[in-house]
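Chemist: Below: one structure in structure tokens.
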Amino acid sequence: MAFVLVRPSHPGNVGAVARAMRTMGLHRLVVVAPRLPRVLSHPDAIARASGALDVLCDAVVADDLATALAPFTHAVAVSADEREFGPAPQPPEAIARDVRAQLLGSGEARVAFVFGTERSGLSIEDALACQSMCSIPGATDYHSLNLAQAAQIVAYCLRSVDRLDPIDELAAAASAAQARGAGPGDEGRAGEAMAEDGRTGPGAPASLAAIEGLFAHLERALVRIGFLDPAHPKKLMPRLRRLFGRTRLEVEEVALLRGICTQILKLADGDIHGARRPPAAPGDRAGVPPGPAQPSATERS
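Going letter by letter, the sequence shown gives residues 2 to 302 in the numbering used here.
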């Protein structure tokens, strides 16, 4: 599980987020396109981290959000603004329960919480890259939290969702390993496995990189058959993102859908031999295409 900060402006806020994470047992921090390139070693970040230097030292800087989210299987947008085509907002307690179920249900689950900039929050495009949305309730006339404050609330909810069995990356991986039949002492291997990508086991959740590849493939297929006009795309792809975001696609399901896209593209290009042809129905003459459909009585009249 990780916290992802998108284009933060102030190094002190990055350090404060690291401190908020560390106090709740979270360690994985990703910073996307920070305003200052050396934000993790900035004196303000170190001062505000207040001892959580291990989180800063292990943090990763990514050039863009797609790269940052690639190894994860589920992304949660943290935003106060409801989006027309984004995921439905949920309070942090509900999100925490859902995330805990994901982590304990599958050793391959990897969840990222995505926080926007201090000034404007998450953009529409960034929110559409996520499958869930966490919205922290507040006063209707003044609903503005500092980046570190929002991170602290989310981290606390993750920690307190079950006080007897708090969310912890290593503990969750070990629990999932035991559920699959692994014995005591496998916690280290379970923790190492969480960093791996390309899971192909039955029921393994697809990585967000794989899902982005599916969307690109699907968009090409829809353009090729004339269902999507790239000059006037309207809201088709955001609607499809929202639809698939509710399903939590597995590795095998992504492969299945991409296979369908491949067949669509082959047929659209006239590659009849490259595409799989349906088997002939009983009684059909082999190699003879069916004749035109006969009009119904209503159509003839």
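Cβ coordinates follow ideal geometry from the N, Cα and C atoms, glycine included.
Please list the segments of the alpha helix (DSSP H) lying wholly inside the region 50 to 135, counting only runs of 4 or more residues, in order along the chain.
Modeler: If we require 4 residues or more, the alpha helix (DSSP H) runs fully inside the region 50 to 135 come out as 54 to 59, 66 to 70, 93 to 106 and 125 to 129.
Chemist: Looking at the unbroken beta strand (DSSP E) that takes in V1, where does it start and where does it end?
Modeler: For residue 1 there is no data in the structure shown, the boundaries of the chain being 2 and 302.
Chemist: So if DSSP puts L146 in a beta bridge, which residue, or which two residues, is it bridged to?
Modeler: None, per the DSSP bridge assignment.
Chemist: Relative to the C-alpha of R98, which residue among S133, L258 and V7 is closest?
Modeler: Closest option to R98, Cα to Cα, is S133.
Chemist: Return the CA-CA distance between L1 and I265, expressed in angstroms with no decimal places.
Modeler: No information on residue 1 is available, as it lies outside the stretch 2 to 302 that the chain covers here.
Chemist: Give me, in chain order, the residues of the same chain whose beta-carbon lies closer than 6 Å to that of R20; leave out the 5 immediate sequence neighbours on both sides.
Modeler: Excluding positions up to five away in sequence, the list reads A50, S51 and A53.
Chemist: Just checking my contact of M238 with E220 at CB under 8 Å: how many whole Å lie between their CB atoms?
Modeler: Indeed they touch by this definition, with Cβ atoms about 6 Å apart.
Chemist: Examine the Cβ distances between the region 109 to 119 and the region 62 to 76 and report whether three or more of them are shorter than 8 Å.
Modeler: The answer is yes - the region 62 to 76 touches the region 109 to 119, with three or more Cβ pairs under 8 Å.
Chemist: Does the Cβ of R200 have 16 or more other Cβ atoms within 10 Å, making it buried, or fewer, making it exposed?
Modeler: Bear in mind that the predicted position of R200 carries a pLDDT of just 49, short of 50, making it too unreliable to give a figure here.
Chemist: Since I believe L250 is in contact with A207 (beta carbons under 8 Å), could you give me their beta-carbon distance rounded to a whole number of angstroms?
Modeler: Their Cβ separation, rounded to whole angstroms, is 5 Å, which keeps A207 and L250 in contact under 8 Å.
Chemist: Taking all protein chains shown into account, do 16 or more other C-beta atoms lie within 10 angstroms of the C-beta of N147, making it buried, or fewer, making it exposed?
Modeler: Exposed: under 16 other Cβ atoms inside 10 Å.
Chemist: If you measure from the beta carbon of L30 to each beta carbon in chain D, is any gap under 8 Å?
Modeler: The displayed structure is made up of one protein chain only, and chain D is not part of it.
Chemist: According to DSSP, what are the bridge partners of P206?
Modeler: DSSP output for P206 lists E251 as bridge partner(s).
Chemist: Whole angstroms is fine: what's the gap from L27's alpha carbon to L268's?
Modeler: Between L27 and L268, the C-alpha separation is close to 49 Å.
Chemist: Assign R29 to one of three DSSP states: helix, strand, or coil.
Modeler: Here R29 sits in strand by DSSP.
Chemist: Bridge partners of A140, per DSSP?
Modeler: Y143.
Chemist: Assuming contact is defined by CB atoms lying nearer than 8 Å, are V40 and V5 in contact in what I supplied?
Modeler: Their beta carbons are not under 8 Å apart, which means V40 does not touch V5 by this criterion.
Chemist: Between L258, D64, R247 and A232, which has its C-alpha nearest F216's C-alpha?
Modeler: Comparing Cα positions, the closest option is L258.
Chemist: Could you pull out every residue in the same chain whose Cβ sits closer than 7 Å to the Cβ of A149, ignoring the five residues on either side in sequence?
Modeler: Same-chain partners within the cutoff: N14, A17, V18 and A21.
Chemist: If you drop the 5 nearest sequence neighbours on each side, which residues of the same chain put their C-beta closer than 6 Å to that of C135?
Modeler: So the qualifying residues of the chain are V77, V79, P93 and I96.
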